[in-house]
Every structure is written in structure tokens, then in C-alpha cells.
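Contents: one structure, followed by commentary.
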């Protein structure tokens with residue numbers, strides 16, 4: 277549409293416009309049509325000027341600009357450019373893939389990178405810009421053990437002799453800090469020569485005179501601010517950093533590098549904190565604004581650094597002295613002295629590692645608040661201290677006519693809420709319970725009553741709501757202790773960036789406490805369930821198969837975890853078929869699926885067998901389904917496509933609470949790691965596009981690696 281439909285008409289003299297008005301404005305209508313073409317020409321001229329610069333050029337122009345400086349497109353980008361970018365393509369996720377391949381900034385940095393070709397800091401920058409991973413480049417020739425050139429000693433300055441003597445020498449058992457880092461990206465201990473290449477596609481080696489290793493950290497660090505710790509043993513004052521009571525290793529809060537030529541150190545990457553490392557450099561990791569902080573008894577000032585001691589608390593045998601606080605960063609455990617136990621609680625700020633933004637956290641989330649919605653805040657300084665108090669006020673305002681049907685209950689801090697939650701929704705209600713930006717609240721559903729379940733109940737009061745069925749949204753919450761129970765004619769239940777802990781709660785080793793219990797029970801309801809960027813356990817459907825249609829269940833970019841491959845992830849009671857229709861997009865399902873129908877399942881992984889009643893409708897695309905499954909028609913699914921029934925997904929960890937939860941392992945078959953429709957991996961981490969990032973980074977390493985060397989990518993996490 278024209279930006280100025282009357283722009284040309286305004287240029288006419290007033291007398292002509294008056295005559296045109298008397299005649300019904302035919303001239304004005306004609307000039308409006310001409311103005312549209314004028315705007316098109318103007319836009320073309322402006323875009324042509326913007327296409328002269330790589331920062332503002334259209335996506336289709338970038339390869340031509342790059343060709344002027346000899347730029348070689350990254351692997352996979354040609355396919356994306358051909359199929360379309362953004363919403364113009366068949367799938368809107370191609371825009372995210374194009375952004376992951378990052379041609380714009382890659383083209384812009386071509387000339388500058390060539391000037392620094394062969395330097396280690398350039399390789400680290402390539403890993404950040406192309407792969408999106410913090411990295412450290414290591415020249416293995418300096419770490420290979422070799423004979424010392426005795427004849428050269430004394431012929432160079434003393435500093436050169438000292439430096440030469442430190443290379444390739446035997447390990448010094450007195451240097452505990454060096455031994456703790458041996459074999460990793462920051463170790464200086466010499467290794468015997470390895471004949472395998474660092475960039476070998478078969479078995480990666482590296483420690484050779486011509487090897488260069490690019491160590492990358494693929495797990496992201498996430499911040500949790502002033503959250504309550506979990507008390508394991510009140511008598512002995514034993515705590516964990518994680519509110520769920522499981523072991524959660526602490527991660528370094530990365531410090532920005534001081535310059536572009538700086539080689540990354542252990543402070544610049546999200547590395548796991550080791551005990552020896554923390555003991556030697558406690559001041560670099562402890563305190564406000566650093567990697568972790570501990571508060572006790574509601575005090576404004578944290579526990580003094582002089583009271584912190586580093587200990588191995590793997591068996592809880594170490595007993596700190598009076599006034600001391602023992603910390604185990606590798607397990608995320610805290611122990612207080614017997615005579616200095618906290619009386620009013622412990623709060624912690626720390627960093628943990630995770631693969632991507634799923635399950636809720638203090639990361640940024642997309643939120644859409646209706647202008648007609650009334651917001652009720654819960655938390656310190658928010659007006660309410662309990663969630664149910666805010667709900668009751670909204671309910672009273674709704675009945676009194678002081679607000680519309682839309683209400684938002686926003687939790688404003690990363691605390692824990694122990695209360696019984698029962699939401700009784702009426703016709704037309706639109707309720708959203710969400711975490712505020714930068715918060716991750718925890719809802720702990722305790723065992724309040726001995727004679728009935730204590731789930732988070734969502735009920736619709738009226739029997740027939742029709743088009744005005746109530747709707748509820750849960751956003752950014754971590755729910756533990758029990759699950760959700762939905763009943764009645766609810767219109768929709770939406771879970772966004774939420775975690776319903778699989779197995780209700782966790783043991784210290786991250787095993788589920790109640791692996792057989794469901795996280796979401798749909799009890800004779802009509803709700804349309806939408807799950808996005810979430811983690812939850814089993815979904816149990818108790819449906820009226822005679823009077824109601826199957827429930828639609830939409831799952832996107834999420835993990836459905838039954839805590840075992842042979843347990844039911846989606847079913848009715850007693851392992852019967854759930855009266856539901858499943859729609860799964862980029863989802864990892866750990867467990868079996870027994871359902872009425874599957875409308876669509878694409879780019880997903882199902883570790884347990886699938887049993888579908890109606891096979892004539894729906895399809896599975898680019899997914900893994902175990903052999904022996906009864907499914908609708910399949911299109912390029914594994915292991916059918918490979919013809920190998922032994923082909924199975926391999927995960928780094930299948931236990932919720934571990935840093936590498938639900939991530940495909942490096943040894944996972946490439947048919948699954950690259951089996952999605954766009955060449956990415958199947959499952960919840962599809963949109964990270966790690967296979968494409970890895971290929972792109974390898975291509976650039978081959979172009980910018982120092983002459984005569986072989987570079988390889990070595991994942992640390």
C-alpha cells in the first residue's frame with residue numbers, strides 16, 4: 277500500500293482540487309493509483325542504495341557482495357537460499373537456520389579475517405561468530421613431549437631457555453592445580469604424540485606436532501538470582517543449590533575477553549567449576565556479580581568469603597567447623613557447621629548449564645499481554661504474597677464487574693511457593709499465571725491431604741460453555757511435588773516455558789522420585805492442550821470416548837519424559853489408548869505413545885514404541901520411531917530409511933536435572949543427528965542447528981587454519 281496515497285494530489289493547485297471534489301474526486305483516485313507505483317520506484321531506489329552495504333543489503337544480495345571479495349558461501353546456505361528465507365519458505369524455521377549460518381556477518385568479516393589468518397584468536401572468534409560457541413584454541417605442538425635440545429641452551433636469552441624447558445616436560449606431581457587441569461583445554465601437562473589427526477572424521481586425535489584443537493562449550497550458562505536452596509538434612513544443615521534437591525554442578529559466569537587478540541582463559545568460558553580451581557581462586561568465583569553467592573537467615577549481606585571452604589561433599593562426610601560453610605561446586609552442595617546452622621533459610625545465586633531455552637528460567641521469553649487484561653503481581657513488593665490470594669482478588673473483581681474476563685497473575689521473583697492451587701474457571705475466563713521477566717518461580721505442590729490427591733487443579737464450573745469455554749496459560753513456571761489435573765469443559769490449556777518435573781520430584785542423583793506418576797492428567801475434559809518449550813512427564817488422558825471427540829494435544833520444541841523407554845509417555849490408565857490426537861513438532865519423547873491418532877509428527881524422536889488406533893489419518897515425517905511401532909504412514913523416517921533396525925538414538929543424558937539432559941550424544945548415528953527435513957538433528961534441540969553450525973565452522977577452519985597444521989573441533993560440553 278502507498279505510504280502517501282494523497283501525496284501527488286496535494287501538489288495540485290487548490291482550484292483543481294476543488295473542481296475534482298465537485299466531480300466526485302476521480303482525479304484524486306487516479307493520482308492515488310499512480311502514487312502506489314511512485315512508492316514502488318522509490319522503495320526500489322532506496323533498497324538499491326542499501327544493497328551497496330553488507331549491513332543493510334537484502335539476503336539475496338549477500339552472495340554477490342561476498343563474491344567481490346572472494347567469499348565462499350557456508351555449507352547449507354545455498355540450500356536455504358534456494359528454498360526460501362524466513363516466512364517466504366515452506367517452513368518459517370528456515371529463517372532461523374539462515375540466521376544460524378550467519379552469512380551477513382560472515383561476509384562482513386571476510387577481509388578482516390584474512391588479515392589475521394593463521395592466528396589462534398581468529399579461530400576462537402570464528403567459533404563464536406559461526407558456531408555460536410565460546411571456544412579456546414590450543415596449539416598441540418606445545419604440549420607434545422619431546423627431547424630437549426641441549427645444544428641450544430645458553431645460546432638464547434635466559435627467558436627463552438626457561439620457556440623451552442617448560443615445554444614437553446614430565447608432569448610435576450607437586451603441582452596439584454596443573455594436574456587438575458591435565459588433559460583439558462587449559463592444561464599444560466605434556467602428552468605423548470598421537471598419530472591421529474585432530475580433524476579426523478573417524479577417531480579424533482590431536483596431540484601431534486601439527487595439531488590445533490578448538491575446544492568448544494556447547495551448553496549455555498543460565499543465571500538464577502536469590503533463589504531458595506533445598507534442605508536435605510535439617511539436623512546436619514545440609515543443602516543443595518538446586519531447589520529440587522538434586523546434584524547440579526556450578527558453572528562459571530563468563531567474563532568478556534579484554535581484546536580481540538586475547539586467547540580465552542578459564543574465566544572467559546562457561547566451564548564447570550572444579551574443587552581445586554575454586555579453592556585456589558575463591559575470590560574470582562564467589563560474591564555478588566560472580567559465579568555464585570550464598571545468603572543465610574534473610575540477611576542482606578552474603579556469607580563472608582572468609583567463612584567459605586571448599587570440600588568434597590560427595591558422601592556428606594566432611595563436617596565444617598563452627599562458622600564455616602562448606603561448598604562442593606562439582607555437585608552443587610552446601611554444608612554448614614553444626615553450631616552455626618541457619619535458622620531462617622538459605623538463598624543462593626548461581627549459574628547452571630543447559631542446552632537451550634526450555635523449561636523456564638531467567639532467560640528472555642516472548643510475552644503478549646492483552647491491553648484489556650488486569651495484572652495481579654505476587655512476590656515481594658507485588659501486593660500479594662500468595663498465588664491464591666491474587667486469584668481470589670481477580671475472581672472477586674471479575675464477579676463484581678471491576679475487570680474483564682482476562683486476568684494475569686505475575687510472579688515477580690525466583691522464590692518457592694508452597695500452597696494448594698485450585699483454579700475454578702467460569703464461562704469466558706482467560707487466566708494467565710506467569711513468571712515475570714528475569715524470574716523463575718517454583719511451585720511446590722506438597723502432600724497437603726492424606727485422603728486425596730494434591731495436584732494443581734484446573735476445573736471448569738459450567739457443563740456447556742460452547743465458544744466461551746475458559747482458557748488458562750502457564751508460562752515460565754517450575755512445578756514440582758505433584759502434577760496438573762484438568763477437568764471439565766475447559767477450552768484450552770497452554771504450557772509455555774514450563775517444567776512439570778518428570779516423576780514429580782528428584783533424588784540426589786537426578787533419578788525420579790515417583791517415575792510411574794503422571795505430570796498432566798486430562799480427566800474428562802474438552803481442553804485443547806498446547807505445550808511449547810517445556811519439559812513434562814507422562815500425560816494421562818481419561819476421556820469420554822462416546823460423547824466427546826479426541827482431545828488435540830500440540831507439543832512443540834519440548835521434552836515428554838516418562839522416565840523410561842518402556843513407560844507410557846502418553847496413554848490412558850492401564851496402558852490403554854488415550855482418546856487424543858497428537859501433533860508433535862521438534863519434540864523428544866522418552867517413553868511409549870498409545871493414542872487414538874497422530875495427525876502429524878515431524879523432526880521428532882520417540883524412544884518407546886508407538887501404538888496408534890487410526891492409522892489411516894496423519895503422518896510421520898523425518899522422525900525416529902522404534903521398530904514394531906503401529907503408526908500412520910511414514911515419510912523418510914528412521915530406521916526405515918536406513919534399513920537398519922539396530923539404529924537407535926543415543927543421548928548424553930536421559931535424566932532431568934543433568935546439564936546435558938535430552939541432548940543427542942556425539943556417537944549418535946548421523947541418520948538421527950542429521951535426519952531432520954533441513955539437515956538438523958531430530959528432537960527438542962532441532963532449532964539449535966548444531967550440525968549446520970559444525971559444518972560451517974569446519975569449512976572456515978580449513979580456510980583460516982595456520983599453514984601446515986590440522987585443526988579439529990573438540991566439544992567440552
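Numbering (the working numbering), first residue to last: 277 to 993.
Built from N, CA and C at the ideal position, the CB exists for glycine as well.
CA nearest to the CA of residue i, picked from the options
i	options	result
residue 870	409, 513, 886 and 294	886
residue 797	382, 762 and 338	762
residue 596	339, 590 and 586	586
residue 386	580, 603, 341 and 722	341
residue 714	805, 773, 730 and 799	773
residue 630	936, 487 and 808	936
residue 414	485, 389 and 379	485
residue 823	491, 623, 855 and 813	855
residue 670	691, 312 and 705	705
residue 814	777, 648, 830 and 638	777
Residue i versus residue j - alpha carbon distance
i	j	result
residue 991	residue 348	25 angstroms
residue 983	residue 328	34 angstroms
residue 621	residue 501	15 angstroms
residue 405	residue 970	12 angstroms
residue 909	residue 901	12 angstroms
residue 834	residue 302	57 angstroms
residue 656	residue 662	10 angstroms
residue 508	residue 591	13 angstroms
residue 582	residue 555	12 angstroms
residue 339	residue 381	12 angstroms
residue 805	residue 811	14 angstroms
residue 616	residue 739	57 angstroms
residue 976	residue 407	10 angstroms
residue 907	residue 820	23 angstroms
residue 840	residue 594	34 angstroms
residue 607	residue 574	24 angstroms
residue 978	residue 522	42 angstroms
residue 666	residue 651	9 angstroms
residue 542	residue 628	16 angstroms
residue 292	residue 677	55 angstroms
residue 458	residue 993	17 angstroms
residue 416	residue 474	9 angstroms
Unbroken beta strand (DSSP E) run spanning residue i, endpoints
i	result
residue 340	That residue, residue 340, is in no beta strand (DSSP E); its alpha helix (DSSP H) goes 338 to 344.
residue 731	Taken as a continuous stretch (DSSP letters only), residue 731 belongs to no beta strand (DSSP E), as it is neither H nor E.
residue 686	682 to 687
residue 799	796 to 801
residue 415	411 to 415
residue 886	886 to 888
residue 991	986 to 991
residue 864	864 to 866
Reduced DSSP secondary structure (H/G/I, E/B, other) of residue i
i	result
residue 291	helix
residue 958	coil
residue 268	Any property of residue 268 remains undetermined from this structure, which presents the chain solely from 277 to 993.
residue 325	helix
residue 981	coil
residue 462	coil
residue 967	helix
residue 851	helix
residue 493	coil
residue 335	helix
residue 763	strand
residue 483	coil
residue 782	strand
residue 602	strand
residue 317	helix
residue 821	coil
residue 302	helix
residue 467	strand
residue 744	helix
Boundaries (first-last residue) of the alpha helix (DSSP H) holding residue i
i	result
residue 561	558 to 561
residue 386	386 to 391
residue 946	946 to 949
residue 456	452 to 456
residue 399	396 to 402
Proximity test, Cβ basis, 9 angstroms: residue i and chain B
i	result
residue 789	Here chain B cannot be found, since the structure has a single protein chain.
Complete alpha helix (DSSP H) runs within the segment 610 to 654 (minimum length 4 residues, chain order):
none
message: My parser needs the alpha helix (DSSP H) runs of 4 or more residues fully inside the segment 504 to 572; what are they?
response: 551 to 556 and 558 to 561
Could you tell me which whole beta strand (DSSP E) segments of length 3 or greater appear in the segment 669 to 724?
682 to 687, 692 to 694, 698 to 701, 706 to 711 and 718 to 720
Check: Quick one: complete beta strand (DSSP E) runs, 3+ long, within the segment 873 to 939?
Finding: 886 to 888, 895 to 897 and 909 to 911
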